[in-house]
Amino acid sequence: MKKRPLLSSLMYKKASLPETRFLRENGFLTYLRCMVGFLVPLPFCLLLGCVALESSSIIPPQIVTSSSQDVDKPRLLGVNYLYSIGGRERESKLISQPMGLTLDISGNIYVADVGSHCIKVLNADGETTMVLGRFGWRDGEFDTPVDVDINFIRGEFLYVADCGNDRIQVCSLINRIFGVAVGKKSGEVVGLDVQSEIQLDSPGGIATDRSGSIYIADTGNHRFLKINPQGKLLIAKGSFGWAREQFREPTDLVVDSNNNIYVVDTGNNRIQKFDFSGNLIAIWGKKGDQPGQFNEPRYIAKDRWDNIYVVDHGNRRIQVFDLNGEFLTQFSLPNLNGPMGIVIGRDNKIYVTDVFASDVKVFQSVYR
0 MKKRPLLSSL MYKKASLPET RFLRENGFLT YLRCMVGFLV PLPFCLLLGC VALESSSIIP
60 PQIVTSSSQD VDKPRLLGVN YLYSIGGRER ESKLISQPMG LTLDISGNIY VADVGSHCIK
120 VLNADGETTM VLGRFGWRDG EFDTPVDVDI NFIRGEFLYV ADCGNDRIQV CSLINRIFGV
180 AVGKKSGEVV GLDVQSEIQL DSPGGIATDR SGSIYIADTG NHRFLKINPQ GKLLIAKGSF
240 GWAREQFREP TDLVVDSNNN IYVVDTGNNR IQKFDFSGNL IAIWGKKGDQ PGQFNEPRYI
300 AKDRWDNIYV VDHGNRRIQV FDLNGEFLTQ FSLPNLNGPM GIVIGRDNKI YVTDVFASDV
360 KVFQSVYR
(Lines of atoms letter the chains of each structure in order from A and count residues from 1; the text may use other names and numbers.)
(Lines give C-alpha, C1' and ligand atoms only; values in the text may rest on other atoms or scores of the structure.)
Protein backbone atom coordinates (compact mmCIF):
# COMPACT_ATOMS: atom_id res chain seq x y z
CA MET A 1 0.00 0.00 0.00
CA LYS A 2 1.32 3.41 -0.92
CA LYS A 3 2.17 5.48 2.13
CA ARG A 4 0.15 8.56 2.91
CA PRO A 5 1.81 11.87 2.13
CA LEU A 6 3.17 13.90 4.98
CA LEU A 7 2.75 17.61 5.39
CA SER A 8 3.93 19.81 8.22
CA SER A 9 1.46 20.67 10.94
CA LEU A 10 2.91 24.13 10.96
CA MET A 11 0.80 25.05 7.95
CA TYR A 12 -2.31 25.28 10.11
CA LYS A 13 -3.55 27.16 13.14
CA LYS A 14 -7.02 28.42 12.21
CA ALA A 15 -9.69 27.32 14.70
CA SER A 16 -12.29 26.70 12.02
CA LEU A 17 -10.35 23.69 10.74
CA PRO A 18 -11.04 20.58 12.84
CA GLU A 19 -7.43 19.48 13.00
CA THR A 20 -5.87 22.72 14.11
CA ARG A 21 -6.38 22.54 17.84
CA PHE A 22 -4.82 19.09 17.89
CA LEU A 23 -1.86 20.33 15.89
CA ARG A 24 -1.17 23.23 18.19
CA GLU A 25 -1.40 21.04 21.29
CA ASN A 26 0.63 18.09 20.01
CA GLY A 27 3.76 19.55 18.57
CA PHE A 28 5.53 20.47 15.42
CA LEU A 29 6.13 17.02 14.00
CA THR A 30 2.48 16.12 13.64
CA TYR A 31 1.66 15.84 9.99
CA LEU A 32 -1.48 16.69 8.12
CA ARG A 33 -2.86 14.74 5.18
CA CYS A 34 -3.24 17.14 2.27
CA MET A 35 -4.22 19.97 4.65
CA VAL A 36 -7.84 18.84 4.83
CA GLY A 37 -7.56 15.17 5.75
CA PHE A 38 -6.66 13.13 8.79
CA LEU A 39 -3.72 13.48 11.15
CA VAL A 40 -0.71 11.20 11.38
CA PRO A 41 1.12 12.08 14.61
CA LEU A 42 4.71 10.97 14.98
CA PRO A 43 5.79 9.47 18.32
CA PHE A 44 8.46 12.00 19.12
CA CYS A 45 6.10 14.96 18.70
CA LEU A 46 5.45 14.65 22.43
CA LEU A 47 9.08 15.48 23.13
CA LEU A 48 8.81 18.92 21.62
CA GLY A 49 8.96 21.88 23.93
CA CYS A 50 10.81 19.92 26.62
CA VAL A 51 14.26 21.33 25.92
CA ALA A 52 15.15 25.01 25.68
CA LEU A 53 17.98 26.52 23.69
CA GLU A 54 20.80 27.97 25.68
CA SER A 55 20.83 31.73 25.36
CA SER A 56 24.42 31.63 24.12
CA SER A 57 23.28 29.78 21.00
CA ILE A 58 20.94 32.56 19.90
CA ILE A 59 22.04 35.72 18.17
CA PRO A 60 19.31 38.20 19.12
CA PRO A 61 17.87 40.51 16.47
CA GLN A 62 18.43 44.24 16.71
CA ILE A 63 16.25 47.13 15.67
CA VAL A 64 17.93 48.70 12.68
CA THR A 65 18.61 52.43 12.45
CA SER A 66 19.52 54.40 9.38
CA SER A 67 23.16 54.56 10.48
CA SER A 68 23.48 50.76 10.41
CA GLN A 69 22.43 50.38 6.78
CA ASP A 70 24.76 50.20 3.80
CA VAL A 71 25.20 53.70 2.37
CA ASP A 72 24.90 52.33 -1.19
CA LYS A 73 21.72 50.46 -0.43
CA PRO A 74 18.32 52.18 -0.62
CA ARG A 75 16.47 52.41 2.65
CA LEU A 76 13.27 50.39 2.99
CA LEU A 77 10.61 52.84 4.18
CA GLY A 78 7.65 50.50 4.29
CA VAL A 79 5.30 48.20 2.42
CA ASN A 80 1.91 49.05 0.91
CA TYR A 81 -0.92 46.66 0.07
CA LEU A 82 -2.01 46.71 -3.60
CA TYR A 83 -4.57 43.99 -4.42
CA SER A 84 -5.44 40.29 -4.15
CA ILE A 85 -5.64 37.53 -6.75
CA GLY A 86 -8.23 34.79 -6.32
CA GLY A 87 -10.13 34.28 -3.08
CA ARG A 88 -12.88 32.07 -1.69
CA GLU A 89 -15.51 34.67 -2.53
CA ARG A 90 -14.97 34.06 -6.24
CA GLU A 91 -17.51 31.75 -7.90
CA SER A 92 -14.75 29.96 -9.76
CA LYS A 93 -11.73 29.75 -7.50
CA LEU A 94 -8.43 30.34 -9.23
CA ILE A 95 -6.51 28.69 -6.41
CA SER A 96 -7.63 26.13 -3.87
CA GLN A 97 -4.93 26.02 -1.17
CA PRO A 98 -1.87 28.00 -2.29
CA MET A 99 1.52 27.45 -0.73
CA GLY A 100 4.89 28.30 -2.32
CA LEU A 101 5.09 30.44 -5.44
CA THR A 102 7.59 31.92 -7.87
CA LEU A 103 7.79 34.23 -10.91
CA ASP A 104 9.15 33.80 -14.41
CA ILE A 105 10.89 36.49 -16.43
CA SER A 106 7.57 37.60 -17.96
CA GLY A 107 5.95 38.16 -14.57
CA ASN A 108 3.76 35.06 -14.65
CA ILE A 109 3.04 33.60 -11.22
CA TYR A 110 3.54 29.87 -10.56
CA VAL A 111 1.60 28.72 -7.49
CA ALA A 112 1.91 25.35 -5.75
CA ASP A 113 -1.75 24.50 -5.11
CA VAL A 114 -1.79 21.65 -2.60
CA GLY A 115 -5.58 21.45 -2.62
CA SER A 116 -5.59 20.58 -6.32
CA HIS A 117 -2.21 18.76 -6.38
CA CYS A 118 -1.00 20.89 -9.25
CA ILE A 119 0.91 24.01 -10.25
CA LYS A 120 -1.27 26.85 -11.45
CA VAL A 121 0.17 29.54 -13.68
CA LEU A 122 -1.37 33.01 -13.46
CA ASN A 123 -0.65 35.97 -15.70
CA ALA A 124 -0.04 39.51 -14.47
CA ASP A 125 -3.81 40.11 -14.45
CA GLY A 126 -4.38 37.13 -12.17
CA GLU A 127 -5.94 34.92 -14.83
CA THR A 128 -5.13 31.20 -14.89
CA THR A 129 -3.28 30.49 -18.14
CA MET A 130 -1.97 26.99 -17.49
CA VAL A 131 -2.34 24.09 -15.07
CA LEU A 132 0.60 21.71 -14.68
CA GLY A 133 0.10 18.27 -13.18
CA ARG A 134 -2.59 16.40 -11.29
CA PHE A 135 -2.75 14.02 -8.35
CA GLY A 136 -0.57 10.92 -8.69
CA TRP A 137 2.93 9.52 -8.40
CA ARG A 138 4.07 9.32 -12.02
CA ASP A 139 6.29 11.92 -13.67
CA GLY A 140 4.34 15.14 -14.03
CA GLU A 141 1.91 14.16 -11.26
CA PHE A 142 2.02 15.44 -7.69
CA ASP A 143 0.98 14.56 -4.19
CA THR A 144 0.86 17.73 -2.10
CA PRO A 145 3.24 20.05 -3.97
CA VAL A 146 4.35 22.69 -1.47
CA ASP A 147 6.92 24.85 -3.26
CA VAL A 148 8.21 25.87 -6.68
CA ASP A 149 11.23 27.67 -8.08
CA ILE A 150 12.44 28.58 -11.56
CA ASN A 151 16.08 28.55 -12.64
CA PHE A 152 17.12 30.36 -15.82
CA ILE A 153 20.83 29.48 -15.88
CA ARG A 154 20.64 26.15 -17.73
CA GLY A 155 17.44 27.00 -19.58
CA GLU A 156 14.06 27.82 -18.12
CA PHE A 157 13.35 24.99 -15.68
CA LEU A 158 10.62 24.73 -13.09
CA TYR A 159 11.40 22.78 -9.89
CA VAL A 160 8.58 21.43 -7.73
CA ALA A 161 8.80 20.13 -4.16
CA ASP A 162 6.53 17.09 -4.49
CA CYS A 163 6.14 16.63 -0.75
CA GLY A 164 3.84 13.61 -0.60
CA ASN A 165 5.96 11.69 -3.11
CA ASP A 166 9.25 12.53 -1.31
CA ARG A 167 10.92 13.98 -4.38
CA ILE A 168 11.80 17.09 -6.36
CA GLN A 169 10.42 17.18 -9.90
CA VAL A 170 11.71 19.41 -12.67
CA CYS A 171 10.36 20.31 -16.07
CA SER A 172 11.40 22.42 -19.01
CA LEU A 173 9.01 25.32 -19.49
CA ILE A 174 9.64 25.00 -23.22
CA ASN A 175 8.45 21.44 -23.80
CA ARG A 176 6.85 20.83 -20.36
CA ILE A 177 8.46 17.42 -19.93
CA PHE A 178 8.69 16.42 -16.26
CA GLY A 179 11.25 14.20 -14.59
CA VAL A 180 12.54 13.57 -11.08
CA ALA A 181 15.60 15.63 -10.22
CA VAL A 182 16.04 14.43 -6.64
CA GLY A 183 14.43 11.41 -5.03
CA LYS A 184 12.92 8.28 -6.50
CA LYS A 185 13.80 6.95 -9.94
CA SER A 186 11.85 8.12 -12.94
CA GLY A 187 12.02 8.34 -16.68
CA GLU A 188 13.58 11.26 -18.53
CA VAL A 189 15.46 13.78 -16.40
CA VAL A 190 15.64 17.42 -17.44
CA GLY A 191 17.47 20.37 -15.90
CA LEU A 192 20.22 18.22 -14.37
CA ASP A 193 22.94 16.17 -16.02
CA VAL A 194 21.92 13.15 -13.94
CA GLN A 195 19.29 12.35 -11.36
CA SER A 196 20.36 12.53 -7.72
CA GLU A 197 18.97 9.51 -5.87
CA ILE A 198 18.93 11.02 -2.39
CA GLN A 199 16.35 9.86 0.11
CA LEU A 200 14.02 12.74 0.95
CA ASP A 201 11.30 12.84 3.58
CA SER A 202 8.50 15.31 2.89
CA PRO A 203 10.66 17.97 1.20
CA GLY A 204 9.50 21.54 1.76
CA GLY A 205 11.05 24.67 0.31
CA ILE A 206 13.41 24.64 -2.65
CA ALA A 207 15.74 27.24 -4.14
CA THR A 208 18.32 27.46 -6.91
CA ASP A 209 21.39 29.62 -7.42
CA ARG A 210 23.19 31.16 -10.39
CA SER A 211 25.28 28.02 -10.95
CA GLY A 212 22.18 25.84 -11.26
CA SER A 213 22.60 24.12 -7.89
CA ILE A 214 19.45 23.05 -6.03
CA TYR A 215 18.83 23.71 -2.34
CA ILE A 216 16.21 21.66 -0.49
CA ALA A 217 14.64 21.99 2.94
CA ASP A 218 14.38 18.26 3.68
CA THR A 219 11.70 18.81 6.28
CA GLY A 220 11.08 15.29 7.53
CA ASN A 221 14.82 14.57 7.83
CA HIS A 222 15.43 17.85 9.71
CA ARG A 223 18.20 19.03 7.40
CA PHE A 224 18.91 21.02 4.26
CA LEU A 225 20.73 19.90 1.12
CA LYS A 226 22.73 21.49 -1.67
CA ILE A 227 23.07 19.52 -4.92
CA ASN A 228 25.05 20.68 -7.94
CA PRO A 229 23.82 20.38 -11.57
CA GLN A 230 25.73 17.10 -11.96
CA GLY A 231 23.61 15.59 -9.19
CA LYS A 232 26.45 15.56 -6.63
CA LEU A 233 25.50 16.20 -3.01
CA LEU A 234 27.60 19.14 -1.80
CA ILE A 235 25.97 19.87 1.56
CA ALA A 236 23.78 17.80 3.86
CA LYS A 237 23.51 19.77 7.07
CA GLY A 238 21.38 19.16 10.12
CA SER A 239 19.66 16.67 12.36
CA PHE A 240 16.71 16.79 14.75
CA GLY A 241 17.36 18.99 17.76
CA TRP A 242 17.58 22.39 19.39
CA ALA A 243 21.32 23.09 19.19
CA ARG A 244 23.18 25.16 16.64
CA GLU A 245 23.10 23.57 13.17
CA GLN A 246 20.19 21.36 14.24
CA PHE A 247 16.61 21.78 13.09
CA ARG A 248 13.03 20.92 13.90
CA GLU A 249 11.21 20.71 10.60
CA PRO A 250 13.02 23.26 8.44
CA THR A 251 10.39 24.31 5.95
CA ASP A 252 12.03 26.71 3.51
CA LEU A 253 15.30 28.36 2.53
CA VAL A 254 16.64 31.11 0.31
CA VAL A 255 20.05 31.89 -1.20
CA ASP A 256 21.37 35.47 -1.35
CA SER A 257 23.61 37.05 -4.00
CA ASN A 258 26.73 35.74 -2.22
CA ASN A 259 25.32 32.19 -2.06
CA ASN A 260 24.74 32.40 1.67
CA ILE A 261 21.88 30.12 2.72
CA TYR A 262 19.07 31.19 5.06
CA VAL A 263 17.09 28.27 6.49
CA VAL A 264 13.71 28.63 8.19
CA ASP A 265 14.06 26.47 11.32
CA THR A 266 10.33 26.39 11.88
CA GLY A 267 10.09 24.21 14.97
CA ASN A 268 12.76 26.25 16.75
CA ASN A 269 11.25 29.59 15.67
CA ARG A 270 14.48 30.94 14.23
CA ILE A 271 16.51 31.54 11.09
CA GLN A 272 19.92 29.91 10.63
CA LYS A 273 22.34 31.43 8.13
CA PHE A 274 25.14 29.42 6.47
CA ASP A 275 27.84 30.28 3.97
CA PHE A 276 28.12 28.62 0.54
CA SER A 277 30.06 25.70 2.07
CA GLY A 278 27.52 25.06 4.82
CA ASN A 279 29.37 26.75 7.69
CA LEU A 280 27.13 28.44 10.24
CA ILE A 281 27.32 32.24 10.16
CA ALA A 282 24.45 33.47 12.33
CA ILE A 283 21.25 32.53 14.13
CA TRP A 284 18.41 34.85 15.03
CA GLY A 285 14.91 34.59 16.40
CA LYS A 286 13.01 32.89 19.20
CA LYS A 287 9.36 32.25 19.99
CA GLY A 288 7.31 35.38 20.57
CA ASP A 289 5.37 38.17 18.92
CA GLN A 290 7.84 41.04 19.24
CA PRO A 291 9.95 42.34 16.32
CA GLY A 292 12.56 39.72 15.49
CA GLN A 293 10.62 36.95 17.22
CA PHE A 294 8.60 34.25 15.47
CA ASN A 295 5.63 31.97 15.89
CA GLU A 296 5.87 29.17 13.32
CA PRO A 297 7.88 30.92 10.57
CA ARG A 298 7.16 29.24 7.28
CA TYR A 299 8.52 30.62 3.99
CA ILE A 300 11.33 33.03 3.18
CA ALA A 301 12.39 35.26 0.28
CA LYS A 302 14.88 37.98 -0.57
CA ASP A 303 14.75 41.15 -2.62
CA ARG A 304 17.44 42.34 -5.01
CA TRP A 305 19.29 44.10 -2.17
CA ASP A 306 19.37 40.89 -0.12
CA ASN A 307 16.83 42.04 2.43
CA ILE A 308 15.31 38.90 3.92
CA TYR A 309 11.51 38.53 4.16
CA VAL A 310 10.22 35.89 6.60
CA VAL A 311 6.59 34.76 6.66
CA ASP A 312 5.80 34.68 10.38
CA HIS A 313 2.80 32.43 9.93
CA GLY A 314 1.64 32.13 13.54
CA ASN A 315 1.80 35.89 14.07
CA ARG A 316 0.07 36.54 10.71
CA ARG A 317 2.72 38.92 9.46
CA ILE A 318 5.82 39.23 7.30
CA GLN A 319 9.02 40.45 8.93
CA VAL A 320 11.90 42.01 7.02
CA PHE A 321 15.55 41.77 8.05
CA ASP A 322 18.86 42.80 6.58
CA LEU A 323 21.34 40.08 5.65
CA ASN A 324 22.79 40.18 9.18
CA GLY A 325 19.45 39.44 10.80
CA GLU A 326 18.75 42.97 11.97
CA PHE A 327 15.06 43.83 12.02
CA LEU A 328 13.95 46.42 9.46
CA THR A 329 10.15 46.40 9.38
CA GLN A 330 7.04 44.23 9.37
CA PHE A 331 3.71 44.30 7.58
CA SER A 332 0.35 42.55 7.58
CA LEU A 333 -3.35 43.01 6.85
CA PRO A 334 -6.44 42.51 9.02
CA ASN A 335 -7.54 39.71 6.67
CA LEU A 336 -4.11 38.09 6.29
CA ASN A 337 -5.05 34.94 8.16
CA GLY A 338 -2.82 32.23 6.72
CA PRO A 339 0.31 33.72 5.13
CA MET A 340 2.52 31.07 3.56
CA GLY A 341 4.55 31.41 0.36
CA ILE A 342 6.36 34.58 -0.63
CA VAL A 343 8.25 35.83 -3.67
CA ILE A 344 9.51 39.29 -4.64
CA GLY A 345 9.60 40.58 -8.20
CA ARG A 346 12.10 42.85 -9.88
CA ASP A 347 9.61 45.71 -9.57
CA ASN A 348 9.66 45.29 -5.76
CA LYS A 349 6.18 43.79 -5.70
CA ILE A 350 5.76 41.21 -2.95
CA TYR A 351 3.46 38.23 -3.57
CA VAL A 352 2.19 36.36 -0.49
CA THR A 353 -0.10 33.33 -0.58
CA ASP A 354 -2.89 33.15 2.01
CA VAL A 355 -3.84 29.51 2.39
CA PHE A 356 -7.02 30.27 4.36
CA ALA A 357 -8.29 32.90 1.91
CA SER A 358 -7.25 30.91 -1.19
CA ASP A 359 -5.62 33.95 -2.69
CA VAL A 360 -2.37 35.74 -3.41
CA LYS A 361 -2.00 39.14 -1.77
CA VAL A 362 0.23 41.64 -3.55
CA PHE A 363 2.21 44.35 -1.78
CA GLN A 364 4.66 47.03 -2.90
CA SER A 365 7.95 47.83 -1.16
CA VAL A 366 8.74 51.53 -0.85
CA TYR A 367 12.41 52.58 -0.85
CA ARG A 368 14.29 55.84 -0.53
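Taking numbering that gives the first Met the number 0, the leading residue of the sequence shown gets 0, the next gets one more, and so forth.
All residues carry an ideal CB built from backbone N, CA and C; glycine is no exception.
Handout entry: glycine 132 classed as buried or exposed, judged by whether at least 16 other C-beta atoms fall within 10 angstroms
Key = To locate residue 132, count along the sequence shown from 1; it is residue 133. Classification of glycine 132: buried, given that the 10 Å Cβ count is 16 or more.
Handout entry: Residue from Val113, Val130, Gly337 with nearest C-alpha to aspartate 146
Key = Taking the sequence shown and counting its residues from 1, the one referred to as residue 146 is at position 147. It is Val113.
Problem - Span of the beta strand (DSSP E) around proline 368 - result: Any property of residue 368 remains undetermined from this structure, which presents the chain solely from 0 to 367.
Handout entry: For isoleucine 317 and phenylalanine 246, the rounded distance between their alpha carbons
Key = The residue given as residue 246 occupies position 247 in the sequence shown. The residue given as residue 317 occupies position 318 in the sequence shown. Answer to the nearest angstrom: the Cα atoms are 21 Å apart.
Exercise for the section: Give a yes or no on whether the C-beta atoms belonging to threonine 207 and asparagine 150 are separated by under 7 Å. Expected result: Numbered from 1 along the sequence shown, position 208 holds the residue referred to as residue 207. Numbered from 1 along the sequence shown, position 151 holds the residue referred to as residue 150. Yes.
Problem - Contacting residues, own chain, Cβ-Cβ under 8 Å from phenylalanine 156 (five flanking each side not counted) - result: What you label residue 156 is simply residue 157 of the sequence shown in a count that begins at 1. Taken in chain order, the residues that qualify are Ile149, Asn150, Val169, Cys170, Ser171, Leu172, Val189, Gly190.
Exercise for the section: Inspect the beta-carbon positions of leucine 81 and valine 361 and report whether they are closer than 7 Å. Expected result: For this step, residue 81 is matched to residue 82 along the sequence shown. For this step, residue 361 is matched to residue 362 along the sequence shown. Going by C-beta atoms, leucine 81 is nearer than 7 Å to valine 361.
Practice task
Return the CA-CA distance between aspartate 402 and valine 179, expressed in angstroms with no decimal places.
Solution key: Residue 402 lies beyond the range of the chain shown here (0 to 367); nothing can be said about it.
Exercise for the section: Please report how far the alpha carbon of serine 95 lies from the alpha carbon of lysine 272, in whole angstroms. Expected result: In the sequence shown, counting from the first residue as 1, residue 95 sits at position 96. In the sequence shown, counting from the first residue as 1, residue 272 sits at position 273. When rounded, the distance between both Cα atoms is 33 Å.
Practice task
For the beta strand (DSSP E) containing lysine 119, list its first residue and its last residue.
Solution key: Here residue 119 refers to the residue found at position 120 when the sequence shown is read from its first residue. Unbroken beta strand (DSSP E) run through lysine 119: 117-121.
Problem - Where threonine 143 falls: helix, strand or coil (DSSP) - result: Position 144 of the sequence shown, counting from 1, holds the residue named residue 143. The answer is coil: DSSP assigns threonine 143 none of H, G, I, E or B.
Practice task
For glycine 178, write down the residues that DSSP places opposite it in a beta bridge.
Solution key: Stepping through the sequence shown from its first residue, residue 178 is reached at position 179. BP columns for glycine 178 point to Val169.
Handout entry: tryptophan 283, enclosing beta strand (DSSP E) - first and last residue
Key = Numbered from its first residue, the sequence shown carries residue 283 at position 284. Element bounds for tryptophan 283: 279-283.
Handout entry: Buried or exposed by the 16-neighbour rule on C-beta atoms within 10 Å, applied to glutamate 295
Key = The residue you call residue 295 lines up with position 296 of the sequence shown. Glutamate 295 is buried by the Cβ-count criterion.
Practice task
Decide if the region 248-259 is in contact with the region 212-224; the criterion is three or more beta carbon pairs, one per stretch, under 8 Å apart.
Solution key: yes
Practice task
For tyrosine 350, count neighbouring Cβ atoms within 10 angstroms of its own Cβ and tell me buried if that reaches 16, exposed if not.
Solution key: Position 351 of the sequence shown, counted from the first residue, corresponds to residue 350. Looking at its Cβ environment, which holds 16 or more other Cβ atoms inside 10 Å, tyrosine 350 is buried.
Problem - Residues of its chain near glutamine 329, where Cβ-Cβ distance is below 6 Å and the 5 sequence neighbours each way are ignored - result: Sequence index remark: in the sequence shown, residue 329 carries index 330 (1-based). Cβ within range, chain order: Arg316, Gln318.
Practice task
With a cut-off of 8 Å on the beta carbons, I'd call alanine 300 and isoleucine 341 a contact; round off their distance for me.
Solution key: As a working mapping, residue 300 is identified with position 301 in the sequence shown. As a working mapping, residue 341 is identified with position 342 in the sequence shown. Alanine 300 to isoleucine 341, Cβ: 4 Å. Contact.
Exercise for the section: Measure the beta-carbon distance from threonine 352 to valine 120 and round it to whole angstroms, keeping in mind my assumption that it falls under 8 Å. Expected result: Translated into the one-based positions of the sequence shown, residue 352 becomes position 353. Translated into the one-based positions of the sequence shown, residue 120 becomes position 121. Not really, about 14 Å apart at Cβ, beyond 8 Å.
Exercise for the section: Kindly identify the DSSP beta-bridge partner or partners of isoleucine 341. Expected result: Counted from its first residue, the sequence shown places residue 341 at position 342. DSSP output for isoleucine 341 lists Val351 as bridge partner(s).
Practice task
Name, in chain order, the residues that DSSP records as bridge partners for threonine 127.
Solution key: The count along the sequence shown starts at 1 and reaches residue 127 at position 128. Answer by DSSP bridge pairing, in chain order: Leu121.
Exercise for the section: Just mark aspartate 358 as buried or exposed, buried being the case when its beta carbon has 16 or more other beta carbons within 10 Å. Expected result: Taking the sequence shown and counting its residues from 1, one reaches residue 358 at position 359. Buried: at least 16 other Cβ atoms inside 10 Å.
Handout entry: Contact check, serine 331 vs asparagine 347, beta carbons under 7 Å
Key = Locating residue 331 in the sequence shown gives position 332, where the first residue counts as 1. Locating residue 347 in the sequence shown gives position 348, where the first residue counts as 1. Not in contact: serine 331 and asparagine 347 (Cβ atoms no closer than 7 Å).
Handout entry: According to DSSP, residues forming a beta bridge with threonine 218
Key = As a first step, residue 218 is located in the sequence shown; it is residue number 219 there, counting from the start. None, per the DSSP bridge assignment.
Problem - Alpha carbon of glycine 204 to alpha carbon of tyrosine 298, nearest angstrom - result: On the sequence shown, position 205 is the one that residue 204 refers to. On the sequence shown, position 299 is the one that residue 298 refers to. Their backbone Cα atoms lie some 7 Å apart in a straight line.
Exercise for the section: Look at the Cβ atom of asparagine 336, then the Cβ atom of phenylalanine 320, and state whether they are nearer than 7 Å. Expected result: Here residue 336 refers to the residue found at position 337 of the sequence shown. Here residue 320 refers to the residue found at position 321 of the sequence shown. No.
Handout entry: Sheet register partners of arginine 269 (DSSP bridge)
Key = As a first step, residue 269 is located in the sequence shown; it is residue number 270 there, counting from the start. DSSP output for arginine 269 lists Asp264 as bridge partner(s).
Exercise for the section: Just the C-alpha distance for tyrosine 158 and isoleucine 167, rounded to the nearest angstrom, thanks. Expected result: Within the sequence shown, residue 158 is the residue found at index 159, counting from 1. Within the sequence shown, residue 167 is the residue found at index 168, counting from 1. Rounded to the nearest angstrom, the two C-alpha atoms are 7 Å apart.
Problem - Whole-Å CB distance - leucine 322 paired with aspartate 255, under 8 Å assumed - result: As a first step, residue 322 is located in the sequence shown; it is residue number 323 there, counting from the start. As a first step, residue 255 is located in the sequence shown; it is residue number 256 there, counting from the start. About 6 Å; that satisfies the 8 Å criterion.
Practice task
Go ahead and pull the three-state DSSP assignment for glycine 99.
Solution key: By one-based count along the sequence shown, residue 99 stands at place 100. Three-state result, glycine 99: strand.
Handout entry: Cβ-Cβ separation, aspartate 302 to tyrosine 343 (assumed contact under 8 Å), whole Å
Key = The residue given as residue 343 occupies position 344 in the sequence shown. The residue given as residue 302 occupies position 303 in the sequence shown. Inspection of the sequence shows that residue 343 is occupied by isoleucine rather than by tyrosine. So it is a contact: roughly 5 Å between Cβ atoms.
Handout entry: C-beta contact flag for alanine 160 and proline 202 at 7 Å
Key = Taking the sequence shown and counting its residues from 1, one reaches residue 160 at position 161. Taking the sequence shown and counting its residues from 1, one reaches residue 202 at position 203. It is a contact, given that the beta carbons lie within the stated cut-off.
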